[in-house]
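Residue numbers (this note's numbering), protein chains in the order written: chain R, 3 to 889; chain Y, 4 to 115. Structure first, then comments.
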């Protein structure tokens, strides 16, 4: 009793242990456990101590212990065990139809559950393989008001400038090393054939700080030489086939200059689940070749920085911020440097950088869906088993008479449920095995089916859980009857009228209706987006990558030459050029306003023909083709910008930047067009021919492309075959600029890709609702059939007495139809709230329409009616002689 | 000859029982392994292994006296048997023999 005062681990865990642990061990084991718990309580605190206690108890659940247990072996008496097995098997065979529905439904649901489990397991295992993961942090920064401490912009940036990490390492003690991570497009030239690739630039410490599995090369030295390159197995195979890549040379064009790199290492990228993705690693200093201007400034941010602390050291955000503040003091705002642990980066929706990220919402959606489908299948199982258990009530009555107690009977029922669930589970595993490739395609994942300890544990957990729940509910319904009632076959018991069954059916159909209306809502939103007027014409617009260098004049000349060639063909209406890609967020500039907080505007460098080519509407003023006079000062802004600054006459205004030392001239205002995805509102935008009128006084920028330059050609194509035109464009390209690959995309495809994620989730919900409907429908089919079978004689008598076919059919189907209607009433408000919230993630969305819910409810009702109707009709049209003959 | 084979963990536990001597019960083993070898082992694994060793006749156990702590539960003390002692001695000798057969240790720097 004394010990109780100090430590009281969860009682259920103790009971569990004493239940399965053989008596001869129990005392020693439990004593040790309590002692351990008591000590842990002092050192680690209550929660951790309890957790460890529970974990240890569960680990005791070991075959060696269990099979020692005479007590359990006595309960699971081998003879009885076999008898249960035989009875369960016979029952399954005798009621083939119902067993089929159960097994089919359960195995489909199980497959769905397993797939989502594998997906989530995979997502949670991201970045767990790094040995130093507990000491590695990613830097993110944000601005707060110097006086109030209020957040100045609502975005946290994980994108940092190049010199930040080295400066921190220099100044703050306790930082063991840092690694920066950035990437850039480039071209591999092999046997004079150019291949477009992405190069990832990292510090040489990257390979030692992180634990990427190297197949060849030394992680300590692989990236120390400026000409070294490390590649993944896939890329090694692509370029060197089966040869040993180490020591081979590889020619890379980065930003117009060709460099030869020597391969110094190969990494097995498939062996680890990592948010930091790469194909080629080259030394970080190579950014000199790409953006030399960014090497020493804090104002250009486009890489991620990681810090590793010394063991047992933690450095606060305050320390890091102060270290930077010494050199960058500002009176109005504070630049906060903060850190995020490595294992947080994959699933944290608030901090997104370059590293691969999964919205945790995805995980919730998928868990919810699979549980919904599983619940529907389990409900089938329960309603059908209790339904046709009428036939088994006699068996149970006899068993009771022979002396079976309640516990034994429920053990038997749970055991039978276990047999069915286990069979379904195995079938579900098989389905999983064969659907994994489709599933991966659907969710853009990379899950694999392996038989690890946790996976197997999960399998058995699900099987046990499902059979305990369904077997438990069945026995609760069946066992309460006294043997006399049961053996007499008294009418008191009638499972079909039980409240439980009705409740379960309503639940089942509510879920189905929610899922179906979800499918319709998502579908209409996607349609809405596709038909939304973007403010420009995205169709028949070809985008060609210019692979520009950092010489803006050269790019402009290239555009001119291309235009001159292309425009001579009547199929091509106009040619423009743009700095930003439609797939990526556009460049965002921030500056200090004359009054008030810093402001951000979007910026895009364009060429004079851009507005015409894009078919963007000009509201007032002119576009850049009007006069070449003020080229260097002219800018065009969008309506949103004019609205933000509340200008009446934009032509006389200046954007109120504090440190702008050059003036600019607004020559036109364009109608708002969607340059980012429809998730976002249209923000203020500046279009200019180069960054000259706006670049001075910029305090920061976040961008995928910098310095400002024309990077993409946009070609407006007239009616006719697009593919011919692309071939023609390629010919022009070859003529004016050999040496760089011709890469083109269609802008409408690119935009559609912005919504690929939603498209994928729509498919997942589709699949789930089809699963749900099919399973629920099968259940209803089984139930109607049962209720019809039970009333065969009643129907016969009714018919003899003159009941019509219609009368009998409606008598039989009325009850189920009422249940489905009730489900509708329950499901609509739930679906309304749920999908209303989903739609709120879009700035431009459809209105939720009651019709959607009515349609889905009606659809489900129709499907239900078909199954009920067919069964009832069959019963109603049968000749009463058949059913009454033997009376 | 009917030989008994031991797994690595079994051998560790068996040796530890011998090392600790009189006071060898579950928790003591966990703590001793932690302090001697800086290795975290789970109590359940230790217990399961102990019973398995007992089945093989390498250790024997008896209950200790009543305690005031541990919820009043007695400790189960383990003690190495003669055959257990012989076995670890044999194992040690075998390892030594093999160790001596090892030609010269060369730490190769060649990576696969």
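Just so you know, even glycine gets a beta-carbon here, dropped at the ideal spot from N, CA and C. Just so you know, these numbers come straight off a predicted model, no measurement behind them.
Other residues of its chain near residue i: CB distance less than 8 Å, five sequence neighbours each side excluded
{"i": "residue 338 of chain R", "result": "143, 144, 145, 146, 319, 323"}
{"i": "residue 738 of chain R", "result": "560, 563, 564, 567"}
Beta-carbon proximity check, residue i vs residue j, cutoff 9 Å
{"i": "residue 556 of chain R", "j": "residue 335 of chain R", "result": "no"}
{"i": "residue 778 of chain R", "j": "residue 514 of chain R", "result": "yes"}
{"i": "residue 201 of chain R", "j": "residue 284 of chain R", "result": "yes"}
{"i": "residue 384 of chain R", "j": "residue 506 of chain R", "result": "yes"}
{"i": "residue 47 of chain R", "j": "residue 378 of chain R", "result": "no"}
{"i": "residue 183 of chain R", "j": "residue 356 of chain R", "result": "yes"}
{"i": "residue 437 of chain R", "j": "residue 305 of chain R", "result": "no"}
{"i": "residue 509 of chain R", "j": "residue 825 of chain R", "result": "yes"}
{"i": "residue 277 of chain R", "j": "residue 100 of chain R", "result": "no"}
{"i": "residue 671 of chain R", "j": "residue 638 of chain R", "result": "yes"}
{"i": "residue 1 of chain R", "j": "residue 785 of chain R", "result": "This structure cannot speak to residue 1 of chain R, because chain R is shown only from 3 to 889."}
{"i": "residue 77 of chain Y", "j": "residue 30 of chain R", "result": "yes"}
{"i": "residue 388 of chain R", "j": "residue 502 of chain R", "result": "yes"}
Helix, strand or coil at residue i [DSSP, three-state]
{"i": "residue 347 of chain R", "result": "coil"}
{"i": "residue 746 of chain R", "result": "strand"}
{"i": "residue 174 of chain R", "result": "coil"}
{"i": "residue 821 of chain R", "result": "helix"}
{"i": "residue 649 of chain R", "result": "coil"}
{"i": "residue 68 of chain Y", "result": "coil"}
{"i": "residue 635 of chain R", "result": "coil"}
{"i": "residue 542 of chain R", "result": "coil"}
{"i": "residue 893 of chain R", "result": "In the structure as shown, chain R begins at 3 and stops at 889. Residue 893 of chain R is therefore absent and cannot be evaluated."}
{"i": "residue 762 of chain R", "result": "helix"}
{"i": "residue 42 of chain R", "result": "helix"}
{"i": "residue 856 of chain R", "result": "helix"}
{"i": "residue 851 of chain R", "result": "coil"}
{"i": "residue 153 of chain R", "result": "strand"}
{"i": "residue 310 of chain R", "result": "strand"}
Range covered by the beta strand (DSSP E) that runs through residue i
{"i": "residue 285 of chain R", "result": "282–285"}
{"i": "residue 533 of chain R", "result": "It is not in any beta strand (DSSP E) - residue 533 of chain R instead sits in the alpha helix (DSSP H) that spans 501–533."}
{"i": "residue 591 of chain R", "result": "589–594"}
{"i": "residue 39 of chain Y", "result": "Here residue 39 of chain Y belongs to no beta strand (DSSP E); instead the alpha helix (DSSP H) covers 29–40."}
{"i": "residue 296 of chain R", "result": "No beta strand (DSSP E) holds residue 296 of chain R; DSSP gives it neither H nor E."}
{"i": "residue 716 of chain R", "result": "714–719"}
{"i": "residue 606 of chain R", "result": "600–607"}
{"i": "residue 147 of chain R", "result": "138–147"}
Enclosing alpha helix (DSSP H) for residue i [first to last residue]
{"i": "residue 434 of chain R", "result": "408–445"}
{"i": "residue 60 of chain R", "result": "48–61"}
{"i": "residue 667 of chain R", "result": "No alpha helix (DSSP H) contains residue 667 of chain R, which is instead part of the beta strand (DSSP E) from 667–672."}
{"i": "residue 580 of chain R", "result": "That residue, residue 580 of chain R, is in no alpha helix (DSSP H); its beta strand (DSSP E) goes 574–580."}
Chain-order list of residues whose beta-carbon lies under 7 Å from that of residue i (same chain, five-residue window excluded)
{"i": "residue 287 of chain R", "result": "228"}
{"i": "residue 828 of chain R", "result": "508, 512"}
{"i": "residue 238 of chain R", "result": "247, 268"}
{"i": "residue 728 of chain R", "result": "544, 746"}
{"i": "residue 299 of chain R", "result": "163"}
Neighbourhood of residue i by C-beta distance below 6 Å, restricted to the same chain and skipping five residues each side
{"i": "residue 10 of chain R", "result": "none"}
{"i": "residue 340 of chain R", "result": "142, 319"}
{"i": "residue 42 of chain Y", "result": "36"}
{"i": "residue 94 of chain R", "result": "101"}
{"i": "residue 53 of chain Y", "result": "81"}
beta-carbon residue i near the ligand MG non-hydrogen atom, thresh 8 Å
{"i": "residue 271 of chain R", "result": "In the structure on display, the ligand MG does not appear, and there are no ligands present to speak of."}
> What residues in the region 65–96 of chain Y bring their beta carbon closer than 8 Å to a beta carbon of chain R?
Replying inline: Cβ contacts with chain R: 66, 70, 71, 72, 73, 74, 75, 76, 77, 78, 79.
>> Which residues of the region 34–47 of chain Y have a Cβ closer than 7 Å to any Cβ of chain R? Give them in chain order.
In response: If the cut-off is 7 Å between Cβ atoms, the region 34–47 of chain Y has 45, 46, 47 near chain R.
> Which residues, in chain order, does the region 6–28 of chain Y contribute to contact with chain R at a C-beta distance below 8 Å?
Replying inline: The residues in question are 28.
>> Residues of the region 45–68 of chain R in Cβ contact with chain Y at a cutoff of 7 Å, in chain order, please.
In response: So the close ones are 58, 61, 62, 64, 66, 67.
>> Tell me which residues of the region 226–245 of chain R have at least one Cβ-Cβ distance to chain Y shorter than 9 Å, keeping chain order.
In response: Listed by position along the chain: nothing, the set is empty.
>> Output needed in chain order: residues of the region 261–283 of chain R with a Cβ under 9 Å from some Cβ in chain Y.
In response: Look at the region 261–283 of chain R: it has no residue with a C-beta under 9 Å from a C-beta of chain Y.
> If contact means a Cβ-Cβ distance below 7 Å, which residues of the region 855–867 of chain R contact chain Y?
Replying inline: Within the region 855–867 of chain R, no residue has a Cβ that lies closer than 7 Å to any Cβ of chain Y.
> the region 24–40 of chain R: which residues have C-beta closer than 8 Å to a C-beta of chain Y, in chain order?
Replying inline: Listed in sequence order: 27, 29, 30, 31, 32, 33, 34, 35, 36, 37, 38, 40.
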